[in-house]
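Residue numbers (full-length UniProt numbering), protein chains in the order written: chain Y, 1 to 365; chain E, 1 to 365. Each residue gets a CB set at the ideal place from its N, CA and C atoms; glycine is no exception. What follows is one structure encoded as C-alpha cells, with my remarks underneath.
Pasting the structure below:
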C-alpha cells in the first residue's frame, strides 16, 4: 500500500492525515475522533486520506479504546477578570488547534465551588484539567487529588500550590513586583504604598506577621508582596506596616486605603497595585483627594489593558503574557496525552513592564 | 408520618427539605441529586430531612429516572469581553442557587466553533443550553435545531435570532442607542459619527444599502445602528454614510476611522460607540490628533466599566444589566425544567445611560 511514501517509520499521525487530506489538524482530529462538527465534504477527504495512509486500522482504534473524549476542563477563579479570560483564550486556541474542545467553570474564588466544579469535570469525563485554584494549603487539595486518582491529569495555571507536585505554568510574580517598585525607588520615592496585601482582618504589626499572613493566602499575592519587600530591602528603605493595605480585596476598599495613605502625616508619594481593581480604586482616591498623578502620586500596577493606555496620562503597567500562559498550560497538559513523557515542573513566563507616564519624581513637601 | 406539618398539598419540594435541614437550597439539591460536593455532615442532615418529609420516595426517584444531570451549558461569543463575563456570572449565580452547575464554551465569534461547542454540550448531556449565538440567519441555525431535537431546551441571550421561535433575553439595544444619540443632539451636535457599523468591505452608499448590510450581520449591531438612525430622523439630520464606520471591528480600525472622521472638511463633533473597543479606539484617535474630549469631540459608548468612571474627564456610558441578563436567562431556562409552563418570548431588559462628563456643546468652527 502507498501509506509510507516519504515516511520514515511508525504509524501515521493525525498531522500526516491532515496534510494528505489538505485540511487543518483540528479538522482531521475531529473527523478521526468522531466528535464535533466537520462538513461532509471535508470528512470524506479526511477518511479517504486516513485509509490511504493506513491510519484507520491503528490510531483511530486506539483512540476509541482509550476513551479519550477530546475535551479539556478549565477551572478559573473568576472568568470576569480579563486576566483569566485571556488565559482561557490561550487554552482554547491551543487545544482547538490540537483537536480538543474546552469547557470552562468559574468558581468566583470560592473553594466549595471549586470542589463542585472538579466533580463536574470528572463526571463529564474530560481528558485533563487546567486549574487556577483558590486552594492555598495541604488541607484544601483533596479534590485535585481525587481527579488525579481517577487518572485525570491536572496542570496548575497562574497559581502554584506547594503541597502538590504538579506541572504549574505561572509568571515571575516576585521579580515583576520588585522591578516595578525599583522603578518607583529610582524616581526618588521612599514612601511607597502597596495595594493589596493579604485579606486578613487584623492588621499585621511586623514584617514577620505580614509574611505569615501572606503565606496562608494566595500564592500570587504573597509573591508580589515579597517582590515589594525585596525592592525596599535592596534600597534600605524600612518596612512600614501602615503602607500595606490588608482586608477585603475590593475597589471600594482600595480607594479608602489609598485615601488613608495619602492623608498620613508622612504620606505616600507612590503606589504599587497588584491588580486592576486596585488600580481603578487608587485612581478614584487620587480624584477624591483632588490630587493628580503622577505629580502627587506615582503609580504602577498589574495588569496592562487598552484602558490603561488611553488614560491621561497613560499608565505604566505590568503586562502579563496571558495568552501564552494559557497556551503553555494546554501544551503541558496535552503533550503527555499525546505520548510525550510527563514532567512535573514550574514553568515560569516573564512579564513586561510597559513604561508610560504615571511615574514622576516626588514633589518636595 | 410527620411529613405534612404545615404543608398544604403535593409532594415536598427541595426547598422544604433544605429548610427542614437548615441548609441552603443548592446544598439540598446537590445531595438529593447525587452530584457535586457536599460535606458528610450536611449530607446526613439533608438525607435525614428528606426521609422525614417523605421526599426520598418521589422527587429523588423522579430526578434519577429523568436523568437530569443538573448541569447547564453556556455558549458565548467571546468570554474575553467583560460583557459576556458578567452575563456568565449572572447565569452561574442563579443556576448555582437552584442546584445546577454551569459549563461554559467560548466560540470567539466563529460559527464553526459554535457548532462544535453545541455538539460538545449535547455529548456532555447538559440539561439545557444558553447561547449568545454568532448565527444570523435561517441557514446558520441547524446546530441549535439539533439540540432542540435531542430534547435539550435552548434560551438565547443578548442576541435574538429571528429564524428561531425561542425564549430570548436581550436588552433594548435600539432605544438605548437612540437615547444616547438624542443626548448628543440635545447638546447641539449634528455631525455625529457611528462606530461601529456592519463588518462589510464595500462601503454602503445609501441608508438602504447600510440597513441591508446590517440585517445580514449581528442583531445587536443592527439594532444599535437603527437607534442611531432613529435619533437622526427625529431631529431631521440627514444621514451621511461617511460618518458610519464599516469593516473589521477592531480597536485599531476604530482609531483609523475616527481619525478619518475628525479630518473630514465638515468633521464630526460627536461620536457614538457601540462597544468598549470602539471607545478605547476613539480615545486613541482623539489623542493622536492632539485634540481633547469633550471640547473637540463629545463621546458616548457601550459599556460602562470601572475604567470609564476613572477617566479624566469621566465618560458618559451606557450600562447594561449584565448580571440580570444572565440571571434572567437562567431562570427562563430552569423554570420549565422544574415544571413551569414554557413560554417563547422576547424578554427585554433596560439599559441605563450613566451621565458623566464626556458630552459638551460643539465648539464654533
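{"Query": "At which residues does the beta strand (DSSP E) containing residue 332 (chain E) begin and terminate?", "Result": "Element bounds for residue 332 (chain E): not the beta strand (DSSP E) but the alpha helix (DSSP H), 322-337."}
{"Query": "What do you get for residue 40 (chain E), buried or exposed, if any count of 16 or more other CB atoms within 10 angstroms of its CB means buried?", "Result": "exposed"}
{"Query": "For residue 280 (chain E), would you say it is in contact with chain Y, using Cβ-to-Cβ distances shorter than 8 Å as the test?", "Result": "yes"}
{"Query": "Does DSSP put residue 133 (chain E) in a helix, in a strand, or in coil?", "Result": "coil"}
{"Query": "Distance cutoff 8 Å, beta carbons only. Does residue 303 (chain Y) sit that close to anything in chain E?", "Result": "no"}
{"Query": "Candidates E:151, E:217, E:205, E:200: which alpha carbon is nearest residue 371 (chain E)'s?", "Result": "The structure shown does not extend to residue 371 (chain E), since chain E is modelled only from 1 through 365, so no value can be given for it."}
{"Query": "Quick check: residue 319 (chain E) and residue 354 (chain E), are their CB atoms within less than 8 Å of each other?", "Result": "yes"}
{"Query": "Using the Cα positions of residue 9 (chain Y) and residue 53 (chain Y), report the straight-line distance between them to the nearest angstrom.", "Result": "Residue placement at residue 9 (chain Y) cannot be trusted, given a pLDDT of 48 that sits under 50; what the coordinates show is reported in the next sentence. Looking at the two C-alpha atoms, the distance is approximately 12 Å."}
{"Query": "Is residue 188 (chain E) helix, strand or coil by DSSP?", "Result": "coil"}
{"Query": "With burial defined as no fewer than 16 other Cβ atoms inside 10 Å of the residue's Cβ, what is the status of residue 65 (chain Y): buried or exposed?", "Result": "Since pLDDT at residue 65 (chain Y) reaches only 41, below the 50 mark, its modelled position is unreliable, and no value is offered."}
{"Query": "Short check: CB of residue 168 (chain Y) to CB of residue 347 (chain Y), under 8 Å?", "Result": "yes"}
{"Query": "Check the Cβ-Cβ distances between residue 315 (chain E) and every residue of chain Y, and say whether any is below 8 Å.", "Result": "no"}
{"Query": "Which residues in the same chain as residue 341 (chain E) place their Cβ atom closer than 7 Å to its Cβ, once the five residues preceding and following it in sequence are excluded?", "Result": "none"}
{"Query": "With the cut-off set at 8 Å, would you say residue 277 (chain E) and residue 309 (chain E) are in Cβ contact?", "Result": "no"}
{"Query": "Flag residue 222 (chain Y) as yes if its beta-carbon sits less than 8 Å from any beta-carbon of chain E, otherwise no.", "Result": "no"}
{"Query": "Per the DSSP calculation, residue 114 (chain E) is bridged to which residue(s)?", "Result": "The partner list for residue 114 (chain E) (beta bridge, DSSP) is empty, contrary to what the question assumes."}
{"Query": "Mind listing the chain E neighbours of residue 85 (chain Y)? Cutoff is C-beta to C-beta under 9 Å, in chain order.", "Result": "78, 79, 80, 81, 82, 84, 85, 106"}
{"Query": "If we count the other Cβ atoms within 10 Å of its Cβ and call it buried at 16 or more, is residue 264 (chain Y) buried or exposed?", "Result": "exposed"}
{"Query": "Quick one: complete alpha helix (DSSP H) runs, 4+ long, within the segment 154-241 of chain Y?", "Result": "173-186, 207-215, 219-234"}
{"Query": "Residues in the same chain with beta-carbon distance under 8 Å from residue 359 (chain Y), minus the five sequence neighbours each way, listed in chain order, please.", "Result": "183, 184, 187, 270, 294, 298, 299, 300, 316"}
{"Query": "Give every residue of the same chain whose Cβ lies closer than 7 Å to the Cβ of residue 198 (chain E), excluding the five residues on either side of it in the sequence, and list them in chain order.", "Result": "213, 214, 217, 221, 246"}
{"Query": "Are residue 173 (chain E) and residue 114 (chain E) closer than 8 Å when you measure CB to CB?", "Result": "no"}
{"Query": "With distances taken from CA atoms, which of Y:116, Y:101, Y:102 is nearest residue 108 (chain Y)?", "Result": "Y:116"}
{"Query": "Among Y:252, Y:267, Y:219, Y:231, which residue has its Cα nearest to the Cα of residue 242 (chain Y)?", "Result": "Y:267"}
{"Query": "Listed from N- to C-terminal order along the chain, which residues in the segment 249-277 of chain Y have their beta-carbon within a distance smaller than 9 Å of any beta-carbon of chain E?", "Result": "251, 276, 277"}
{"Query": "With residue 70 (chain E) as the anchor, note down where its alpha helix (DSSP H) starts and where it stops.", "Result": "First-last for residue 70 (chain E): undefined, no H or E at that position."}
{"Query": "To which residues of the same chain is residue 330 (chain Y) closer than 6 Å at the C-beta, ignoring the five residues directly before and after it?", "Result": "91, 94, 95"}
{"Query": "For the beta strand (DSSP E) containing residue 349 (chain Y), list its first residue and its last residue.", "Result": "346-349"}
{"Query": "State the start and end residues of the unbroken beta strand (DSSP E) segment that holds residue 260 (chain E).", "Result": "Taken as a continuous stretch (DSSP letters only), residue 260 (chain E) belongs to no beta strand (DSSP E), being part of the alpha helix (DSSP H) at 251-262."}
{"Query": "Whose C-beta lies closer than 7 Å to the C-beta of residue 78 (chain Y) among residues of the same chain, with five residues either side of it excluded?", "Result": "84, 106, 108, 109"}
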